[in-house]
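Every number in our numbering is 22 more than the matching position in the sequence shown, counting from 1.
Yeah, the Cβ is synthetic: ideal placement off N, Cα and C, and Gly gets one too.
Keep in mind that this is a model prediction, so the values were computed, not measured.
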Amino acid sequence: MRRYEDKAWRNSMRIRVDVNNMMSENIGEKGLTRESIEKLPLSRSVEGMKAKRGQMKWRELPYNQDEIVKQIEDCARSIQENFDSFVVLGIGGSALGPIAVHQALCHPRYNELSKDKRKTPKLYVEDNVDPERMAALLDVIDVKKTMFNVVTKSGGTSETMSQLLIVTDLLHKELGEDISSHLIATTDKEKGNLVKIARRENLTTFIVPDGVGGRFSELCPVGLLAAAVCGIDIRELLAGAAYMDELTACEDVWKNPAYLLASMQIEALKRGHNIHVVMPYADSLKYISDWYAQLWAESLGKRFDNEGNEIYAGQTPVKALGVTDQHSQVQLYTEGPFDKVITFIGVDEYRKVTAIPDGYMDIKDVSFLCGHTQNELIKAEQSATEYAVMKSGHLSNTITLPEVNAFTVGQLLYLFEVMTAFAGELLNLNAFDQPGVEEGKNATYALLGKAGYENKRAELNAAPKAKDEFII
Numbered sequence: 023m024r025r026y027e028d029k030a031w032r033n034s035m036r037i038r039v040d041v042n043n044m045m046s047e048n049i050g051e052k053g054l055t056r057e058s059i060e061k062l063p064l065s066r067s068v069e070g071m072k073a074k075r076g077q078m079k080w081r082e083l084p085y086n087q088d089e090i091v092k093q094i095e096d097c098a099r100s101i102q103e104n105f106d107s108f109v110v111l112g113i114g115g116s117a118l119g120p121i122a123v124h125q126a127l128c129h130p131r132y133n134e135l136s137k138d139k140r141k142t143p144k145l146y147v148e149d150n151v152d153p154e155r156m157a158a159l160l161d162v163i164d165v166k167k168t169m170f171n172v173v174t175k176s177g178g179t180s181e182t183m184s185q186l187l188i189v190t191d192l193l194h195k196e197l198g199e200d201i202s203s204h205l206i207a208t209t210d211k212e213k214g215n216l217v218k219i220a221r222r223e224n225l226t227t228f229i230v231p232d233g234v235g236g237r238f239s240e241l242c243p244v245g246l247l248a249a250a251v252c253g254i255d256i257r258e259l260l261a262g263a264a265y266m267d268e269l270t271a272c273e274d275v276w277k278n279p280a281y282l283l284a285s286m287q288i289e290a291l292k293r294g295h296n297i298h299v300v301m302p303y304a305d306s307l308k309y310i311s312d313w314y315a316q317l318w319a320e321s322l323g324k325r326f327d328n329e330g331n332e333i334y335a336g337q338t339p340v341k342a343l344g345v346t347d348q349h350s351q352v353q354l355y356t357e358g359p360f361d362k363v364i365t366f367i368g369v370d371e372y373r374k375v376t377a378i379p380d381g382y383m384d385i386k387d388v389s390f391l392c393g394h395t396q397n398e399l400i401k402a403e404q405s406a407t408e409y410a411v412m413k414s415g416h417l418s419n420t421i422t423l424p425e426v427n428a429f430t431v432g433q434l435l436y437l438f439e440v441m442t443a444f445a446g447e448l449l450n451l452n453a454f455d456q457p458g459v460e461e462g463k464n465a466t467y468a469l470l471g472k473a474g475y476e477n478k479r480a481e482l483n484a485a486p487k488a489k490d491e492f493i494i
């Protein structure tokens, strides 16, 4: 029996959500109240989530992937046996999710470990088109010992396709006509350019399910393949998501962690708190903030509501890291404007205990640390920062993982996804499109001369020209 099949173990790994420091009882007049939360359109939003459950295909990922998980595990074993490096070519949700999960669940110095210690291929996620970055990657990998996974559902993502063109050109030069042994495609089943290329090159192909957008795709092959290649238990990851799905099925907002967090954020947003800081106190969770930033910003940053009214909605996500950013940002969070909500993410039990030895006992400002552990220190720092933010009257809440493992990370990802969807319902907007992103894509196509974008190119040419007086 796997440990996540044990009900007692699952319950011991339940993520906790604490919103006390959002409430007026703790922080005074700027705090929220039960009455203010209950004035939100909660019933309408709960009904909206129920009615749209079937459209949110990402909500079924913990349950409907038994066959594909087996295929991913088999593919991952083959890659582990035959390759030294695994490279993901992608951007946005195709990259941020794999990076976040890898950082959370693998050794912090994963790629620097010897192969004997690491046992699985090095992972590189190429999530940008800085020309120096691709050149640097090719300096450190052996193409003949590298498996590439190109990930784009649409098959039309310019950044990813540029990476693919570079890699396929290189592979053909190194391997000849057949490059299928070194390249995998993860894309739509039928639509888009990548599936055409995959068929032409006879590539192993994993499918991004219909109704699963990029920022909601970590728990499908987009993220699961990279995780499995690196030795992460993807079944436990999905089990954690399924467990959180149970916890977020409750219609009572005060008992549903995702609904409660979303309601708190939206009520705070109404009061002018238009910045959301996510601050984990664990290096392992550092890139969860990056992944969340896309999820929250791209889903809720919308000009129009569902009726077409201009609302210019959204709350700006900001990433921070405890303890690091206590020394760079917390001054602003405690004494700056009341425009932020801080979400602290803590861990009960870290995976290592690091003792602080005795030394310099005659220097009291140093010796007080002796006999403690860094585990105690980081927890004390988190508690102290939570207190300082609360005392200053600023809003904060805390999410706590009993430990960082695949089950709790699966919970956390799913919690944030449901939270985002419910926030969209509260704001009465479509949380699953990204028209603003599409505008930027179309402008890029026009600038690079893509056929069919002549009108957009003319629009760009007619834009106001830069004035020399404003360039110094």
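- Per the C-alpha coordinates, the member of G446, A117 and N483 positioned closest to L283 is G446.
- Across the set E103, K29, S65 and H129, the C-alpha of H129 shows the shortest separation from the C-alpha of D305.
- Counting along the chain, P339 sits inside the beta strand (DSSP E) bounded by residues T338 to K341.
- Taking C-beta atoms as the reference points, Y436 and M266 count as a pair closer than 8 Å.
- By the neighbour-count definition (other C-beta atoms within 10 Å, threshold 16), L354 is an exposed residue.
- The distance from the Cβ of V300 to that of Y281 is about 18 Å, inconsistent with a contact at the 8 Å cut-off.
- Between the C-alpha atoms of A453 and T442 there is a straight-line separation of about 8 Å.
- At least 8 Å separates the beta-carbon of L291 from that of P84.
- In the three-state reduction of the DSSP assignment, Y146 falls in the strand class.
- Residue state for V300 is assigned as strand, using DSSP reduced to three classes.
- Between L317 and E461, the C-beta spacing is not below 8 Å.
- By the CB criterion at 8 Å, L451 and E289 fall outside the cutoff.
- Under DSSP, the beta-bridge partners assigned to F108 are L145 and M169.
- CA-to-CA, the gap between G471 and N331 works out to about 34 Å.
- Using a Cβ distance threshold of 8 Å, V110 and N150 do not count as a contacting pair.
- Scanning the stretch 363-395 for uninterrupted beta strand (DSSP E) segments of 3 residues or longer gives nothing; none is fully contained.
- Within the stretch 237-277, the complete alpha helix (DSSP H) runs of at least 4 residues fall at 243-251 and 256-269.
- Take T430, set aside five residues on each side of it, and the residues of its chain with a beta-carbon closer than 8 Å to its own are M35, I37, G262, L423 and P424, in chain order.
- Beta-carbon to beta-carbon, M44 and N419 are separated by about 5 Å, close enough to satisfy the 8 Å threshold.
- A distance below 8 Å between beta-carbons, with the five flanking residues on each side excluded, links F326 to the following residues of its chain, in chain order: E332, I333 and L451.
- A residue is called buried when at least 16 other Cβ atoms come within 10 angstroms of its Cβ; L482 does not meet this threshold and is exposed.
- Under the 8 Å Cβ criterion, the stretch 111-125 counts as touching the stretch 248-258, having at least three qualifying pairs.
- The beta-carbon separation of I367 and P302, rounded to 4 Å, stays under the 8 Å limit for a contact.
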